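Q:
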Amino acid sequence: DAGVIQSPRHEVTEMGQEVTLRCKPISGHNSLFWYRQTMMRGLELLIYFNNNVPIDDSGMPEDRFSAKMPNASFSTLKIQPSEPRDSAVYFCASSLGGGGRQPQHFGDGTRLSIL
Amino acid sequence: AQRVTQPEKLLSVFKGAPVELKCNYSYSGSPELFWYVQYSRQRLQLLLRHISRESIKGFTADLNKGETSFHLKKPFAQEEDSAMYYCALRATGANNLFFGTGTRLTVIP
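Chains A and B, in that order, are what the protein sequence lines are.
For the first sequence, the tail end lands on 235 under the working numbering, and the numbers increase by one without skipping.
For the second sequence, the tail end lands on 111 under the working numbering, and the numbers increase by one without skipping.
1) Which residues does DSSP pair with A:P201 in a beta bridge?
2) In whole angstroms, what is the alpha-carbon distance linking B:E81 and A:G179?
3) Cβ of B:Q4 within 7 angstroms of Cβ of B:C89?
4) Does the Cβ-Cβ distance between A:N170 and A:S186 come in under 7 angstroms?
5) What distance in whole Å lies between the Cβ atoms of B:L74 and B:L12, which are believed to be in contact at a cut-off of 8 angstroms?
6) Can you look up B:I53 in the DSSP assignment and give me helix, strand or coil?
7) Taking DSSP as the reference, what is the three-state secondary structure of B:D64?
8) Given that B:N26 touches chain A, what residues does it touch there, using C-beta distances under 7 angstroms?
9) Where are the alpha helix (DSSP H) runs, 4 residues long or more, that stay fully inside the region 167-191 of chain A, in chain order?
10) Can you tell which of B:L46, B:G18 and B:T62 has the C-alpha that lies nearest to the C-alpha of B:I2?
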């Protein structure tokens, strides 16, 4: 199993552009999490899904951010329009089962730079 | 509201010296605590969880409810322990984790 797969690994774009980050969770995992990692704030939960349904999106910073999970094997995090302060590493993680007792498995992350 | 505090962003110790990475939490209920680690060029991964009461790679962590702490300890640091360490909390019944800001540990040879 390749684990959680994120794409792209790196993204550099100009401010104002739309950015779409992609995630493929581990097959069979029914919980999916999007995190943002910065030096100042560490690892912040943006949103998580359970059985493809968004459960808590209180961490999404602004309306410019949106996330979808159209099926059990794919999720996207979109930023439109992007701003320089969105520059960070974005991680996707998945876990098996509800209740949070199973460990979260992380992808390699997407390093996003907004110029 | 839950909060996880890791007071040290950077920590350097010499090889063979004891190491302690501090983690304090704020939560009114009964929490579940974890340590996650990210080695260079590897993915963030679970290191240990308090309910397992296990030692992983020589690391242990004890939940101290009186001090609301979950410090990570190892008696003799190794160079391969150099990594980014995150303390995380799961609230009762929740599926998500609250992470601290992380501590970057450097073990000096």
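C-beta: ideal position from N, C-alpha, C; glycine also.
Remember, predicted model here, so these are calculated numbers, not experimental data.
A: Checking against the coordinates, here is how it stands:
1) Position 81 of the first sequence holds residue 201 of chain A. According to DSSP, A:P201 bridges with nothing at all.
2) As a position in the second sequence, residue 81 of chain B is number 79, starting the count at 1. As a position in the first sequence, residue 179 of chain A is number 59, starting the count at 1. About 35 angstroms.
3) In the second sequence, counting from the first residue as 1, residue 4 of chain B sits at position 2. In the second sequence, counting from the first residue as 1, residue 89 of chain B sits at position 87. Not in contact: B:Q4 and B:C89 (Cβ atoms no closer than 7 angstroms).
4) Counting from one through the first sequence, the residue named residue 170 of chain A turns up at place 50. Counting from one through the first sequence, the residue named residue 186 of chain A turns up at place 66. Going by C-beta atoms, A:N170 is not nearer than 7 angstroms to A:S186.
5) To locate residue 12 of chain B, count along the second sequence from 1; it is residue 10. To locate residue 74 of chain B, count along the second sequence from 1; it is residue 72. Between B:L74 and B:L12 the Cβ distance is about 15 angstroms, and since that is not below 8 angstroms, they are no contact.
6) The count along the second sequence starts at 1 and reaches residue 53 of chain B at position 51. It is helical.
7) Taking the second sequence and counting its residues from 1, the one referred to as residue 64 of chain B is at position 62. Correct three-state label for B:D64: coil.
8) Numbered from its first residue, the second sequence carries residue 26 of chain B at position 24. Correct list: empty, because the minimum Cβ distance to chain A is about 14 angstroms.
9) none
10) What is shown of chain B runs 3 to 111, which leaves residue 2 of chain B out entirely.
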